[in-house]
Amino acid sequence: MSINEKLHSLLISLEALDLYTADNIYISNNYKKQNITKSKYKYYIIKKKLYSIQEILFFIHIINYIIKNKHLQEKVKDILVDYSYFYPNQINMLSLNTKKYLDRFIHKYKIYYKSKNSINMNIKYNQCQELYNYGITSLYILNKFLSKDGTYILYKYLKINQFIL
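Following the numbering used here, the numbering of the sequence shown begins with 239 at its first residue and continues without gaps.
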């Protein structure tokens, strides 16, 4: 994956989480303010093909700002724990919240790449599993981004082809 594809994957993941948290009635006013800030950049982010270093740093700042929300952090951790516990043998046993996130991630991913006409939109089982992995990897990176070395981990993920933690 290129840097742009990785950035898009992270942003699509945040957007899928955003939709996921919109279903929850316990959203704080602070999160709503962050959501408004993020939505200003949503369409600009998706339409651009190549990003400069300044734009990449700007998007890292946006990601950092959004993921600092405690409500989102809890949801990310819950989804990661649930997915790691049941995947791959019992994927049908995933919690409703994890299934919602994965379905929304795939939906957003398909919308983005359909507009680019770069993938066949008839997603088969193997491709669905691969998209699940993209969605979970994005959440994992977002979760790691909260650690002490989070910015370095995100930089490593974006710049290195084979990402190893």
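Even glycine gets a Cβ: it sits at the ideal position worked out from N, Cα and C.
Please read all numbers here as calculations on a predicted model, not as lab measurements.
Query	Result
Beta-carbon proximity list for leucine 332, same chain, < 7 Å, skipping 5 on both sides	Asp320, Tyr321, Phe324
Proximity of serine 247 and tyrosine 350 at Cβ, strictly below 7 Å	no
Where phenylalanine 383 falls: helix, strand or coil (DSSP)	helix
Inter-stretch contact at 8 Å, needing at least 3 Cβ pairs: the region 388-399 / the region 328-348	no
Collapsed DSSP secondary structure at asparagine 307 in the structure displayed	coil
Distance between phenylalanine 383 and tyrosine 370 (C-alpha atoms, nearest Å)	20 Å
Residue environment, leucine 245, which counts as buried when at least 16 other CB atoms sit within 10 Å	buried
Distance CB(lysine 313)-CB(isoleucine 250) smaller than 7 Å	no
Unbroken alpha helix (DSSP H) run spanning isoleucine 221, endpoints	Within the shown structure, residues of the chain are numbered from 239 to 403, placing residue 221 beyond reach of any answer.
C-beta atoms of isoleucine 294 and leucine 377 nearer than 7 Å	no
Distance CB(leucine 252)-CB(isoleucine 304) smaller than 7 Å	yes
Coil, strand or helix - glutamine 328 by DSSP	coil
C-beta contact flag for leucine 396 and isoleucine 300 at 7 Å	no
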